[in-house]
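**Student:** As you go down the protein sequences, you meet chains A and B in turn.
Going by our numbering, the first residue of the first sequence is number 1, and it counts up by one from there.
Going by our numbering, the first residue of the second sequence is number 1001, and it counts up by one from there.
Ideal placement from N, C-alpha and C gives every residue a C-beta, glycine not left out.
There are 2 protein chains.
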Amino acid sequence: MTAKKIEKDTENKILEAAKKVFVLKGLDGARMQEIADEAGINKALLHYYFRSKDQLFMMIFKVEIGNFFPRLIPILLSKEMTFDQKIYHFVENYIDLFLKNPFLPTFIIREINRNPQMVAQFFIEAGIESNNFKQIIAGFAGELGISPKEAFHLIINTVSACIFPFAGRPIIEQVFFDGNTAEYNHFLEERKKFVAEFVVNSIKGRMINTK
Amino acid sequence: MTAKKIEKDTENKILEAAKKVFVLKGLDGARMQEIADEAGINKALLHYYFRSKDQLFMMIFKVEIGNFFPRLIPILLSKEMTFDQKIYHFVENYIDLFLKNPFLPTFIIREINRNPQMVAQFFIEAGIESNNFKQIIAGFAGELGISPKEAFHLIINTVSACIFPFAGRPIIEQVFFDGNTAEYNHFLEERKKFVAEFVVNSIKGRMINTK
DNA sequence: AATTATTTTAACCAGATGGTTAAAATAATT
DNA sequence: AATTATTTTAACCATCTGGTTAAAATAATT
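Right, dumping it as structure tokens:
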């Protein structure tokens, strides 16, 4: 390998190890020694590449909170899909993300509550405008003939139903599945269908109410 | 005050302080000195009353995870309420609990994921049977003419919608409310009505589907 | 082969932290 | 007033932890 490739390679090994440890244990629970071990290097080299724990943590956090935000905004804004199609699409992809990153929800919840200011800072740095979200809400409200407020609650309900089963897994798995991990994974897979149906049905049920 | 009352009083002061600090910062983030300060005593006395940090933490955790479980099982099993009434009752009371204990959801999520074994241990010690929950599921399934599986997803959806807005508060508040705390509190209050409606409507919408 | 870059070794430091101890001080009981 | 129980003071300890350093060793470049 060339010198520059070696450098990038080591950097990546560290970042992957740091992600694994920080996501699982959080800033407070993670140890630099553990990250070094996980990366297969020593502590001196770890500090040589990334000066401090906080700096390394922030790099991981920024990437992971970015992943946490669904890359589905264009889809939710598209004119070619109905509301139902958008919901099915969103739920399936969002739950899939967490099936691939099962500890992402817990990590985000833990860290944003430890230091809520990081959230505001992330939005400023990433240049994310809340306009997109408000546009989605307005779009749903228009298409479904409901108030923006109600459309917003609907979105929060949908997102909640995708995220919570991952964050609350230890309890639900224990109470309802007697700790059977395989069964719980099946349950999570199933939810792609059930959550979307649940949301779509709720709108249908609302329509008869107001008729 | 009598000697025994003084003892109980100090004990309570410590437990209240410990709850405050542990719930906010978690086991890893909490400091014994901070708990002592919060209780208005010194570290020596803190250790005199509760031998170790872990022991003190476990006392708090057991109480709080107990609070986390809705004391609403009898209501959900009652024969005198319809499904709709049960949902409205449950959602209102559960959200109310979190309005009074805003950091309870984050605390529980943080700690059960840090040490999932505590959950199983709690269930053994508290003697909680999963039969109650399974009975509620069966009851819903019977009353609504849906499968137990579907009834279970419904319950998880309902619980998710109550809990997540508290655990994910920093993000939602930032993205949709520009950090306006008062507005977010109003939104949470509103949800008592909207979440219940959402769930009830979903069942209504499902009924037309199968007709 | 000589030079340069990357990594390891291993000792070390300072500060934080959980926990202890014994004596002094304060408050309650008799 | 004397005794007993509660709390403070304050020094102290061992361990952990983030972080540093300089020299030796290994690998890549020229």
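Could you list the residues in the segment 1118-1133 of chain B with a C-beta less than 7 Å from some C-beta on chain A, going in chain order?
**Tutor:** 1119, 1120, 1123, 1130 and 1133
**Student:** Closest Cβ-Cβ distance between residue 180 of chain A and chain B: below 8 Å?
**Tutor:** Locating residue 180 of chain A in the first sequence gives position 180, where the first residue counts as 1. Contact with chain B is absent for residue 180 of chain A, since none of that chain's Cβ atoms lies less than 8 Å from the residue's Cβ.
**Student:** Put residue 56 of chain A into one of helix, strand or coil per three-state DSSP.
**Tutor:** As a position in the first sequence, residue 56 of chain A is number 56, starting the count at 1. Helix.
**Student:** What are the start and end residues of the alpha helix (DSSP H) that includes residue 1129 of chain B?
**Tutor:** Locating residue 1129 of chain B in the second sequence gives position 129, where the first residue counts as 1. Taken as a continuous stretch (DSSP letters only), residue 1129 of chain B belongs to no alpha helix (DSSP H), as it is neither H nor E.
**Student:** Under 8 Å between C-beta atoms, does residue 154 of chain A make it to chain B?
**Tutor:** Taking the first residue of the first sequence as position 1, residue 154 of chain A is located at position 154. Closer than 8 Å: yes.
**Student:** With residue 1160 of chain B as the anchor, note down where its alpha helix (DSSP H) starts and where it stops.
**Tutor:** As a working note, residue 1160 of chain B is residue 160 in the second sequence. Residues 1148-1167.
**Student:** Let me see if you follow: with CB-CB separation under 8 Å, is residue 175 of chain A close to chain B or not?
**Tutor:** Taking the first residue of the first sequence as position 1, residue 175 of chain A is located at position 175. For residue 175 of chain A, the answer is yes, since a Cβ of chain B falls inside 8 Å of its Cβ.
**Student:** Quick check: what's the CA-CA separation for residue 1204 of chain B versus residue 206 of chain A?
**Tutor:** Within the second sequence, numbered from 1, the residue matching residue 1204 of chain B stands at position 204. Within the first sequence, numbered from 1, the residue matching residue 206 of chain A stands at position 206. C-alpha separation (whole angstroms): 8 Å.
**Student:** For residue 1207 of chain B, which of helix, strand or coil comes out of DSSP?
**Tutor:** Translated into the one-based positions of the second sequence, residue 1207 of chain B becomes position 207. Note: residue 1207 of chain B maps to helix in three-state DSSP.
**Student:** As a quick exercise: from B:1053, B:1049, B:1048 and B:1002, pick the residue whose alpha carbon is nearest that of residue 1031 of chain B.
**Tutor:** Translated into the one-based positions of the second sequence, residue 1031 of chain B becomes position 31. Selected option, being the one with the closest Cα: B:1053.
**Student:** Is the beta carbon of residue 95 of chain A less than 8 Å from the beta carbon of residue 192 of chain A?
**Tutor:** Position 95 of the first sequence, counting from 1, holds the residue named residue 95 of chain A. Position 192 of the first sequence, counting from 1, holds the residue named residue 192 of chain A. In contact: residue 95 of chain A and residue 192 of chain A (Cβ atoms closer than 8 Å).
**Student:** Closest by CA to residue 215 of chain A, which one among B:1202, B:1003 and B:1061?
**Tutor:** No answer is possible for residue 215 of chain A: it lies beyond the span of chain A, which begins at 1 and ends at 211.
**Student:** Are the beta-carbon atoms belonging to residue 7 of chain A and residue 21 of chain A less than 8 Å from one another?
**Tutor:** As a first step, residue 7 of chain A must be located in the first sequence, where it is residue number 7. As a first step, residue 21 of chain A must be located in the first sequence, where it is residue number 21. Contact: no.
**Student:** Which residue wins for smallest C-alpha separation from residue 122 of chain A, given the options A:199, A:35, A:23 and A:61?
**Tutor:** Reading the first sequence from its first residue, position 122 is the one you call residue 122 of chain A. It is A:61 whose Cα lies nearest to the Cα of residue 122 of chain A.
**Student:** So residue 1139 of chain B contacts chain A; which residues on that side make the cut at Cβ distance below 8 Å?
**Tutor:** Counted from its first residue, the second sequence places residue 1139 of chain B at position 139. None at all; the shortest Cβ gap to chain A is about 15 Å.
**Student:** Can you grab the Cα-Cα spacing for the pair residue 1029 of chain B / residue 1068 of chain B, in whole Å?
**Tutor:** Residue mapping note: residue 1029 of chain B aligns to position 29 of the second sequence, counting from 1. Residue mapping note: residue 1068 of chain B aligns to position 68 of the second sequence, counting from 1. So the two alpha carbons sit approximately 21 Å from each other.
**Student:** Could you give the DSSP three-state label for residue 1042 of chain B: helix, strand or coil?
**Tutor:** Here residue 1042 of chain B corresponds to residue number 42 of the second sequence, with the count starting at 1. In this structure, residue 1042 of chain B counts as coil in the three-state DSSP scheme.
**Student:** Since residue 133 of chain A contacts residue 1176 of chain B with CB under 8 Å, what's their CB separation in whole angstroms?
**Tutor:** Here residue 133 of chain A refers to the residue found at position 133 when the first sequence is read from its first residue. Here residue 1176 of chain B refers to the residue found at position 176 when the second sequence is read from its first residue. Confirmed, about 6 Å.
**Student:** Which residue from A:167, A:89, A:182 and A:80 puts its Cα closest to that of residue 1111 of chain B?
**Tutor:** The residue labelled residue 1111 of chain B in the question sits at position 111 within the second sequence. Of the candidates A:167, A:89, A:182 and A:80, the one whose C-alpha sits nearest the C-alpha of residue 1111 of chain B is A:167.
**Student:** Under a three-way DSSP split, which group does residue 1202 of chain B fall into?
**Tutor:** Numbered from its first residue, the second sequence carries residue 1202 of chain B at position 202. In the structure shown, residue 1202 of chain B sits in a helix (DSSP, three-state: H, G or I).
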